[in-house]
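J.: Quick one: the structure is below, questions incoming.
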Amino acid sequence: MPLFQNATFHISAHKLSELPPPAGVEVAFAGRSNAGKSSALNTLANHNRLAFVSKQPGRTQLINFFSLGNDRFLVDLPGYGYAKVPEAMRKHWQLTLASYLSQRPCIGGLVLVMDCRHPLTPLDRQMLDWYSPSGKPIHALLTKSDKLSRQAANQTLQQVRKELEANWGNCSVQLFSSLKKQGVEEAETVIGRWLFTPEDDVPDAVA
Ligand code: GDP
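Below you can see the structure in the form of structure tokens.
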């Protein structure tokens, strides 16, 4: 059974003051609008509409919490980099994201979702610059890997891995396809290790 199958919608926050009090462990999902973040969350949760797959990127400006039970959460951060968002709103969200990532003690790690055809955009690098000093782990999902040949996808994987190692510590990276359900177990294993301790009752893949 997929590790996050029991994920249920918990709460949405428009601003930092609306965040639930820190408790347990949460794993944050960040990424450029349209990178495939909602699809990846839905795929991991084995749920078609847990996170809303947007027709218009950049519209959902909320921090959405999905509960896995026992104070474990997956947190969907608003997508960044959508050109049509007004400047004031962009600034507000940059600040909110930076504050959330730097001040939230219960974040177990950051999943950075990037379209494998356009990895490490300037805003992705900014996100890595913000989060990496926390010393907490970062896992990059190179999504839509079905859109590249196997060879091109593997080349991208190696290139991104090299850059992550050279510039930011504590990063891992993998290929992922929501369409083909590829990379699901690998992602579950990494994220599961951040969320659960060996004492928790979790499937063998993570323990
Ligand atoms: P978000 O804005 O980052 O949440 O991105 P979405 O999950 O809404 O996806 C943006 C678009 O990319 C949608 O049209 C999805 O159907 C498509 N998409 C997402 N993941 C994949 C994937 O793994 N493969 C392919 N081919 N398309 C995908």
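In my numbering, the protein residues as written are 2 to 208.
Ideal placement from N, C-alpha and C gives every residue a C-beta, glycine not left out.
Put D77 into one of helix, strand or coil per three-state DSSP.
T.: If you number the sequence shown from 1, residue 77 lands on position 76. Strand at D77.
J.: By alpha-carbon positions, which one of P87, P23, L121 and Q62 ends up nearest to S13?
T.: Taking the first residue of the sequence shown as position 1, residue 13 is located at position 12. Ranking P87, P23, L121 and Q62 by Cα distance to S13 puts Q62 first.
J.: Quick check: the Cα distance between L17 and A41, rounded to an integer number of angstroms?
T.: Here the question's residue 17 lines up with position 16 in the sequence shown. Here the question's residue 41 lines up with position 40 in the sequence shown. So the alpha carbons of these two residues sit roughly 24 Å apart.
J.: Cα-Cα, which of A153, V28 and Y81 is closest to F67?
T.: Locating residue 67 in the sequence shown gives position 66, where the first residue counts as 1. When only C-alpha atoms are compared, the closest one is V28.
J.: Take L69 as the anchor and find which of Y81, Q156 and L51 has the nearest alpha-carbon.
T.: Counting from 1 along the sequence shown, the entry for residue 69 is found at position 68. Ranking Y81, Q156 and L51 by Cα distance to L69 puts L51 first.
J.: Using a Cβ-Cβ cut-off of 8 Å (strictly less than) and excluding sequence neighbours within five positions of L124, which residues of its own chain qualify?
T.: As a position in the sequence shown, residue 124 is number 123, starting the count at 1. Around L124: R33, Y81 and G82.
J.: With a CB to CB cut of under 6 Å and the five nearest residues on each side skipped, what residues in its chain are close to S173?
T.: The count along the sequence shown starts at 1 and reaches residue 173 at position 172. Here the set comprises H140.
J.: Let me know the secondary structure DSSP gives G70 once reduced to three states.
T.: Looking up residue 70 in the sequence shown gives position 69. Here G70 sits in strand by DSSP.
J.: Does the distance from the C-beta atom of Q183 to that of S150 stay below 8 Å?
T.: Mapped onto the sequence shown, residue 183 falls at position 182. Mapped onto the sequence shown, residue 150 falls at position 149. No, these two residues do not count as a Cβ contact at 8 Å.
J.: For P120, I'd like the list of residues in its chain whose CB is within less than 7 Å of its CB, leaving aside the five on either flank, ordered along the chain.
T.: Within the sequence shown, residue 120 is the residue found at index 119, counting from 1. Excluding residues within five positions, the ones whose Cβ falls inside 7 Å are L143, T157 and V161.
J.: Taking the straight line between their C-alpha atoms, what separation do you get for K92 and Q104?
T.: Position 91 of the sequence shown holds residue 92. Position 103 of the sequence shown holds residue 104. The straight-line gap from Cα to Cα measures roughly 18 Å.
J.: For the ligand GDP, is there any heavy atom lying closer than 7 Å to the beta carbon of G37?
T.: Taking the first residue of the sequence shown as 1, we reach residue 37 at position 36. Checking the Cβ of G37 against the ligand GDP gives yes.
J.: Verify the contact flag: V86, CB atom, against every heavy atom of the ligand GDP, threshold strictly below 7 Å.
T.: The residue labelled residue 86 in the question sits at position 85 within the sequence shown. The answer is no for V86.
J.: Return helix, strand or coil for L158, following the three-state DSSP convention.
T.: Position 157 of the sequence shown, counting from 1, holds the residue named residue 158. Looking at L158 - three-state DSSP - the assignment turns out to be helix.
J.: Quick one, are the C-beta atoms of C107 and V26 less than 8 Å apart?
T.: By 1-based counting over the sequence shown, the position of residue 107 is 106. By 1-based counting over the sequence shown, the position of residue 26 is 25. Yes, the pair counts as a contact, with Cβ atoms nearer than the cut-off.
J.: By Cβ distance below 8 Å, which residues in the same chain neighbour P21 in space, the five residues on each side in sequence not counted?
T.: Translated into the one-based positions of the sequence shown, residue 21 becomes position 20. H11, I12, A14 and F66, listed in sequence order.
J.: Please name the residue in E187, L75, L176 and N47 whose C-alpha comes closest to that of R118.
T.: Here the question's residue 118 lines up with position 117 in the sequence shown. That would be L176, whose Cα lies nearest to the Cα of R118.
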